[in-house]
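Only one structure is covered here, and it is reproduced in the block below.
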């Protein structure tokens, strides 16, 4: 009888651990599909799921003490759905920085008359060459600086405010998402400001030349000139833009860590 009691106790502990691992894996999988680097189209799904499994094995012992397994199948499904929503929310909060650099590249391309030229498709939709270049460089810089490790730290800390199986609050989540979207657009405008100024000066010069010499097709002269000037400006400012963007990402993660603590 003692052997059966021990076996039943061991079975209960194993079930609890499996439930916790499934919950953590669900949240981490949703996070991995948004993270810069792991969440790109070029990364196979197997790699993302393997990374999610590795993180699950690492952080499961940390959360094991305060976990209460669900009693029914319906509660289990609700727990997994809540974990997926929480992981997507945390991943979106970090992914918004990639949206900012992507939008900045689109604005720069529009200012340099390159918006209709599409390069290699690094993301999930066609982008202009400058947007692709900045996005690829930003992802490389983010991964090289250990952003994915910081994201896992945010995931662990966020279990204090969004425990396992708890849905995020609706009103707070909506307000928070609106603030993140506003941050993305303001950051994109700040990063693309040199190209906006160049585009404004180009249009001003084209307008003045057109008034002075109406017979001259100034666009045929101006577009190659502004494109060359834009490429030179991109070569000079790209390191600075990526540094500013990386500082923005660091501030964003620090804000998330402070919010969670």
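Residue numbers (this note's numbering): 19 to 279.
All residues carry an ideal CB built from backbone N, CA and C; glycine is no exception.
Check, Outcome
"State buried or exposed for residue 44, treating a residue as buried only when at least 16 other CB atoms are found within 10 Å of its CB.", "buried"
"According to DSSP, is residue 182 helix, strand or coil?", "coil"
"By the three-class DSSP mapping on this structure, what secondary structure does residue 233 have?", "coil"
"In angstroms, rounded to a whole number, what distance separates the CA positions of residue 195 and residue 175?", "19 angstroms"
"Tell me which residue opens and which closes the alpha helix (DSSP H) that residue 109 is part of.", "91-129"
"Is it buried or exposed, residue 36, if we count other Cβ atoms within 10 angstroms and call 16 or more buried?", "exposed"
"For residue 234 and residue 54, what's the separation of their Cα atoms in angstroms?", "47 angstroms"
"Quick one: what does DSSP say residue 70 is sitting in, helix, strand or coil?", "helix"
"With DSSP collapsed to three states, give me the class of residue 54.", "coil"
"Can you have a look at residue 50 and say buried or exposed, based on whether 16 or more other CB atoms are within 10 angstroms of its CB?", "buried"
"Mind the definition here: the stretch 113-129 touches the stretch 198-208 only if three or more C-beta pairs lie below 8 angstroms; say whether that holds.", "yes"
"Taking the alpha carbon of residue 187 as the point to measure from, which residue in 103, 201, 70 has its own alpha carbon closest?", "103"
"Measuring alpha carbon to alpha carbon, tell me which residue in 264, 202, 212 is nearest residue 253.", "212"
"Taking the beta carbon of residue 127 as the centre, do at least 16 other beta carbons fall within 10 Å, making it buried, or is it exposed?", "buried"
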